[in-house]
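Take any residue in the sequence shown, note its place counting from 1, add 8, and you have its number in the numbering used here.
Just so you know, even glycine gets a beta-carbon here, dropped at the ideal spot from N, CA and C.
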Amino acid sequence: MGEGSPNYRGGKYIDDKGYVRVLKPDHPKNIRGYTYEHRLVMEKYLGRFLQAWETVHHINEIKIDNRLDNLFLCSHKEHSAIHREGTKLSDDHRKKLREMAYNNKPHTRKRNFAKNIPRKK
Numbered sequence: 009m010g011e012g013s014p015n016y017r018g019g020k021y022i023d024d025k026g027y028v029r030v031l032k033p034d035h036p037k038n039i040r041g042y043t044y045e046h047r048l049v050m051e052k053y054l055g056r057f058l059q060a061w062e063t064v065h066h067i068n069e070i071k072i073d074n075r076l077d078n079l080f081l082c083s084h085k086e087h088s089a090i091h092r093e094g095t096k097l098s099d100d101h102r103k104k105l106r107e108m109a110y111n112n113k114p115h116t117r118k119r120n121f122a123k124n125i126p127r128k129k
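Quick look at the structure:
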């Protein structure tokens with residue numbers, strides 16, 4: 009498979025979970041040669057590979073929206089808290105996340121950010 013193949017999609021595709029995957033066979037986190045695009049965008053911004061404890065959250069929860077201002081770098085624990093089963097982000101917090109994205113503050117990171125997220129039950 010490659011550029012000559014009728015199935016070639018330019019080295020990019022959307023996987024079965026809805027994430028954009030990019031052909032990067034030399035990337036340390038590649039799976040069968042492909043890496044998540046949101047990781048690549050954040051790594052390019054940071055100028056380094058992500059640490060093992062870091063994960064990238066899509067602020068608007070749209071998995072194919074990999075604009076830097078829609079990505080939030082956090083720990084796995086914080087990311088789990090954001091997506092905790094049975095809870096939702098409050099309208100106020102969702103608004104704050106959108107404002108943060110639109111004000112071009114993509115990587116405003118506080119290690120305890122997710123602990124302070126107001127939630128609806």
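Which first and last residues belong to the beta strand (DSSP E) in which residue i is found?
i: I22; result: 20 to 22
i: L31; result: 28 to 31
Taking residue i as the reference, which of the options has the closest Cα?
i: V30; options: K20, N38, I39; result: K20
i: T63; options: S98, K85, K52, I39; result: K85
i: K103; options: S88, N78, H87; result: N78
i: Y27; options: L48, P33, K52, R56; result: L48
i: H87; options: R40, L76, W61; result: W61
i: I70; options: Y53, E45, F57; result: E45
i: M50; options: C82, A89, K25; result: C82
Please name the residue or residues paired with residue i in a DSSP beta bridge.
i: H65; result: F80
i: I72; result: Partner(s): none; I72 has no beta bridge.
List the endpoints of the continuous alpha helix (DSSP H) containing residue i.
i: Y53; result: 45 to 54
So, residue i versus residue j, is the Cβ gap smaller than 9 Å?
i: N74; j: R106; result: no
i: H66; j: F80; result: yes
i: I72; j: I39; result: no
i: F57; j: P36; result: yes
i: L76; j: Y42; result: no
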